[in-house]
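K.L.:
Okay, handing you the structure first.
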Amino acid sequence: VKCLEIKNDQLAKEKLSLQNQIQDNKIEYEKIRSELEANNKHLKLTLNTIQQREQMETTAKFQDIEQENKRLQDRIGESMQQISQLQIEHDHLTIVKEREFSLNERIVNLQ
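According to our numbering, the sequence shown holds residues 25 to 135 in order.
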(Lines of atoms letter the chains of each structure in order from A and count residues from 1; the text may use other names and numbers.)
(Lines give C-alpha, C1' and ligand atoms only; values in the text may rest on other atoms or scores of the structure.)
Protein backbone atom coordinates (compact mmCIF):
# COMPACT_ATOMS: atom_id res chain seq x y z
CA VAL A 1 0.00 0.00 0.00
CA LYS A 2 2.80 2.36 0.96
CA CYS A 3 4.51 1.55 -2.30
CA LEU A 4 1.33 2.38 -4.22
CA GLU A 5 0.98 5.68 -2.41
CA ILE A 6 4.59 6.58 -3.26
CA LYS A 7 4.01 5.57 -6.86
CA ASN A 8 0.77 7.58 -6.88
CA ASP A 9 2.61 10.65 -5.50
CA GLN A 10 5.34 10.27 -8.11
CA LEU A 11 2.78 9.98 -10.88
CA ALA A 12 0.90 12.99 -9.52
CA LYS A 13 4.14 15.02 -9.48
CA GLU A 14 4.99 13.81 -12.98
CA LYS A 15 1.49 14.69 -14.14
CA LEU A 16 1.81 18.17 -12.64
CA SER A 17 5.23 18.59 -14.24
CA LEU A 18 3.87 17.48 -17.62
CA GLN A 19 0.89 19.81 -17.25
CA ASN A 20 3.29 22.67 -16.51
CA GLN A 21 5.37 21.73 -19.57
CA ILE A 22 2.22 21.61 -21.69
CA GLN A 23 1.21 25.02 -20.38
CA ASP A 24 4.71 26.40 -21.07
CA ASN A 25 4.62 24.87 -24.57
CA LYS A 26 1.20 26.44 -25.22
CA ILE A 27 2.52 29.84 -24.12
CA GLU A 28 5.62 29.45 -26.30
CA TYR A 29 3.47 28.25 -29.23
CA GLU A 30 1.16 31.27 -28.91
CA LYS A 31 4.15 33.60 -28.70
CA ILE A 32 5.73 32.11 -31.84
CA ARG A 33 2.38 32.03 -33.65
CA SER A 34 1.78 35.69 -32.80
CA GLU A 35 5.27 36.64 -34.00
CA LEU A 36 4.77 34.69 -37.23
CA GLU A 37 1.39 36.30 -37.84
CA ALA A 38 2.90 39.76 -37.28
CA ASN A 39 5.78 38.88 -39.60
CA ASN A 40 3.36 37.52 -42.20
CA LYS A 41 1.25 40.69 -42.00
CA HIS A 42 4.37 42.82 -42.43
CA LEU A 43 5.49 40.74 -45.43
CA LYS A 44 2.04 41.03 -47.04
CA LEU A 45 2.11 44.81 -46.60
CA THR A 46 5.63 44.95 -48.04
CA LEU A 47 4.60 42.80 -50.99
CA ASN A 48 1.55 44.97 -51.59
CA THR A 49 3.70 48.11 -51.50
CA ILE A 50 6.19 46.59 -53.94
CA GLN A 51 3.39 45.52 -56.29
CA GLN A 52 1.84 49.00 -56.18
CA ARG A 53 5.23 50.60 -56.86
CA GLU A 54 5.82 48.17 -59.73
CA GLN A 55 2.38 48.96 -61.15
CA MET A 56 3.12 52.68 -60.93
CA GLU A 57 6.49 52.14 -62.63
CA THR A 58 4.83 50.04 -65.32
CA THR A 59 2.18 52.72 -65.85
CA ALA A 60 4.86 55.42 -66.01
CA LYS A 61 6.90 53.35 -68.48
CA PHE A 62 3.78 52.77 -70.58
CA GLN A 63 3.06 56.51 -70.60
CA ASP A 64 6.67 57.23 -71.59
CA ILE A 65 6.38 54.71 -74.43
CA GLU A 66 3.10 56.28 -75.55
CA GLN A 67 4.69 59.75 -75.54
CA GLU A 68 7.71 58.49 -77.48
CA ASN A 69 5.39 56.74 -79.94
CA LYS A 70 3.41 59.97 -80.45
CA ARG A 71 6.63 61.94 -80.93
CA LEU A 72 7.82 59.42 -83.52
CA GLN A 73 4.43 59.46 -85.25
CA ASP A 74 4.63 63.26 -85.42
CA ARG A 75 8.14 63.04 -86.89
CA ILE A 76 6.94 60.47 -89.43
CA GLY A 77 4.12 62.83 -90.40
CA GLU A 78 6.55 65.73 -90.77
CA SER A 79 8.91 63.57 -92.82
CA MET A 80 6.06 62.44 -95.07
CA GLN A 81 5.09 66.09 -95.63
CA GLN A 82 8.70 66.94 -96.47
CA ILE A 83 8.88 63.99 -98.86
CA SER A 84 5.65 65.10 -100.53
CA GLN A 85 6.94 68.67 -100.82
CA LEU A 86 10.26 67.46 -102.22
CA GLN A 87 8.43 65.23 -104.71
CA ILE A 88 6.35 68.22 -105.88
CA GLU A 89 9.52 70.32 -106.22
CA HIS A 90 11.24 67.47 -108.06
CA ASP A 91 8.32 67.11 -110.47
CA HIS A 92 8.26 70.88 -111.03
CA LEU A 93 12.04 70.99 -111.64
CA THR A 94 11.75 68.06 -114.04
CA ILE A 95 9.11 69.98 -116.04
CA VAL A 96 11.28 73.13 -115.99
CA LYS A 97 14.30 71.09 -117.09
CA GLU A 98 12.34 69.52 -119.95
CA ARG A 99 11.10 72.97 -121.04
CA GLU A 100 14.65 74.36 -120.90
CA PHE A 101 15.92 71.39 -122.86
CA SER A 102 13.15 71.89 -125.41
CA LEU A 103 13.84 75.63 -125.62
CA ASN A 104 17.58 74.97 -126.02
CA GLU A 105 16.83 72.58 -128.87
CA ARG A 106 14.61 75.17 -130.56
CA ILE A 107 17.29 77.82 -130.11
CA VAL A 108 19.91 75.51 -131.58
CA ASN A 109 17.58 74.65 -134.45
CA LEU A 110 16.85 78.33 -135.08
CA GLN A 111 20.53 79.23 -135.30
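Beta carbons are placed, not taken as given, at the ideal position from N, Cα and C, and that holds for glycine. None of the values given here were measured: they were computed from a predicted structure.
Start and end of the alpha helix (DSSP H) containing Val120?
P.N.:
By 1-based counting over the sequence shown, the position of residue 120 is 96. 26-134 is the span of the alpha helix (DSSP H), which, as asked, contains Val120.
K.L.:
Please list, in chain order, all residues of the same chain as Arg130 whose beta carbon is under 8 Å from its beta carbon, the five residues on each side excluded.
P.N.:
Along the sequence shown, read from residue 1 onward, the residue named residue 130 stands at position 106. Closer than 8 Å at the Cβ level, and outside the excluded window around Arg130, lies no residue.
K.L.:
Rounded to whole angstroms, what's the CA-CA distance from Ile46 to Lys68? Just pull it up for me.
P.N.:
Within the sequence shown, numbered from 1, the residue matching residue 46 stands at position 22. Within the sequence shown, numbered from 1, the residue matching residue 68 stands at position 44. C-alpha separation (whole angstroms): 32 Å.
K.L.:
Express the C-alpha separation of Glu102 and Ser126 in angstroms, rounding to a whole number.
P.N.:
Counted from its first residue, the sequence shown places residue 126 at position 102. Counted from its first residue, the sequence shown places residue 102 at position 78. Going from the Cα of Ser126 to the Cα of Glu102 covers about 36 Å.
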